[in-house]
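Enquirer:
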Amino acid sequence: MLYPTDAEKLAIAAEEARLGGDEGGIPIGAALFTADGRLLGRGHNRRVQDGDASMHAETNAFRNAGRQRSYRDTVMVTTLSPCWYCSGLVRQFGIGRVIVGDDLTFRGGQEWLAENGVEVTVVNDPLLIERMRAFTEANPDLWNEDIGED
Ligand SMILES: [Zn+2]
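Counted the way this note's numbering counts, the sequence shown spans residues 62 to 211.
(1) When the distance is taken between beta carbons, is phenylalanine 123 closer than 9 Å to glycine 149?
(2) Within a Cβ cutoff of 8 Å, which residues of the same chain sit near alanine 75, ignoring the five residues on either side of it in sequence?
(3) Measuring only the C-alpha atoms, how far is glutamate 176 from alanine 96?
(4) Can you find the residues in the same chain that come closer than 7 Å, C-beta to C-beta, to glutamate 77, ignoring five residues on each side of it along the sequence?
(5) Go to threonine 182, then tell me how far its beta strand (DSSP E) extends in each direction, as first and last residue.
(6) Closer than 6 Å by C-beta to proline 65: which residues in its own chain qualify, once you throw out the five before and the five after it? Chain order, please.
(7) Please report the straight-line C-alpha distance between isoleucine 87 and leucine 100, rounded to a whole angstrom.
(8) Would you mind sorting arginine 107 into buried or exposed? The rule is 16 or more other CB atoms within 10 Å of its CB.
(9) Taking glutamate 191 as the reference, give the member of Asp164, Gly127 and Asn205 with the closest Cα.
(10) Start and end of the beta strand (DSSP E) containing phenylalanine 94?
(11) Quick test of your reading: isoleucine 156 and tyrosine 132, contact by CB under 8 Å. State the CB separation rounded to the nearest angstrom.
(12) Going by Cα to Cα distance, which pick from Leu174, Thr182 and Phe94 is closest to glutamine 153?
(13) Within 8 Å: the Cβ of proline 143 and any heavy atom of ligand 1?
(14) When we look at the beta-carbon of aspartate 207 and count the other beta-carbons within 10 Å, is it buried (16 or more) or exposed?
(15) Using DSSP bridges, identify the partner residues of threonine 139.
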């Protein structure tokens, strides 16, 4: 099965975000695809579920994808703009493209990625933005913990 369009790829990340929220976690999802749309790995933020502050959605999807020979032709799709840590992962492994579902709620290193040759596409999907608005309003302490605000 292939997910050739950006919307199809983002739908997988959005499903992961919903799963994470249903588990009582932070509703951020991500997935790693080949450029032509083959799903390599998917995941969601697991800070709460695993008690692990480093298990972000992008990291979880990346780990679930296993080893790849090269990441140049892969696409990281995430429901929320990647933080600096996940932006570092994108650069470290040379992921060629990032699709961002929402960069209004939060913005990490996406401009730095674009300046360094990563193709960045911002969708700003109203449903994803609304989900994060509802989450951050209902869980301000957990949200501030996740983005490192005191
Ligand atoms: Zn992150």
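Where is the CB? At the ideal position from N, CA and C, for every residue including glycine.
Expert: The structure says:
(1) Walking along the sequence shown from the start, residue 149 turns up at place 88. Walking along the sequence shown from the start, residue 123 turns up at place 62. The Cβ-Cβ distance between glycine 149 and phenylalanine 123 does not fall below 9 Å.
(2) Numbered from 1 along the sequence shown, position 14 holds the residue referred to as residue 75. These residues qualify, in order along the chain: Gly90, Thr140, Gly162, Asp186, Leu188 and Leu189.
(3) Looking up residue 176 in the sequence shown gives position 115. Looking up residue 96 in the sequence shown gives position 35. Those two C-alpha atoms are separated by around 20 Å.
(4) The residue given as residue 77 occupies position 16 in the sequence shown. Contacts found: Gly90, Ala91, Ala92, Arg103, Gly104, His105 and Ala118.
(5) Position 121 of the sequence shown, counting from 1, holds the residue named residue 182. Unbroken beta strand (DSSP E) run through threonine 182: 180-183.
(6) In the sequence shown, counting from the first residue as 1, residue 65 sits at position 4. If we look at proline 65 and ignore the five residues flanking it on each side, its Cβ neighbours are Gly98.
(7) The count along the sequence shown starts at 1 and reaches residue 87 at position 26. The count along the sequence shown starts at 1 and reaches residue 100 at position 39. Rounded to the nearest angstrom, the two C-alpha atoms are 22 Å apart.
(8) As a working mapping, residue 107 is identified with position 46 in the sequence shown. Buried, by the Cβ-count rule.
(9) Counting from 1 along the sequence shown, the entry for residue 191 is found at position 130. Checking every option, the nearest Cα to that of glutamate 191 belongs to Asp164.
(10) As a first step, residue 94 must be located in the sequence shown, where it is residue number 33. 90-95 is the extent of the beta strand (DSSP E) around phenylalanine 94.
(11) For the purposes of this step, residue 156 is identified with residue 95 of the sequence shown, where counting begins at 1. For the purposes of this step, residue 132 is identified with residue 71 of the sequence shown, where counting begins at 1. Indeed, because the Cβ distance is near 5 Å, the residues count as touching under 8 Å.
(12) Start at 1 with the first residue of the sequence shown, and residue 153 comes out as number 92. Of Leu174, Thr182 and Phe94, the smallest CA-CA separation from glutamine 153 is found for Leu174.
(13) Position 82 of the sequence shown, counted from the first residue, corresponds to residue 143. Result yes, Cβ under 8 Å from ligand 1.
(14) Counting from 1 along the sequence shown, the entry for residue 207 is found at position 146. Buried.
(15) By one-based count along the sequence shown, residue 139 stands at place 78. BP columns for threonine 139 point to Ala91 and Val161.
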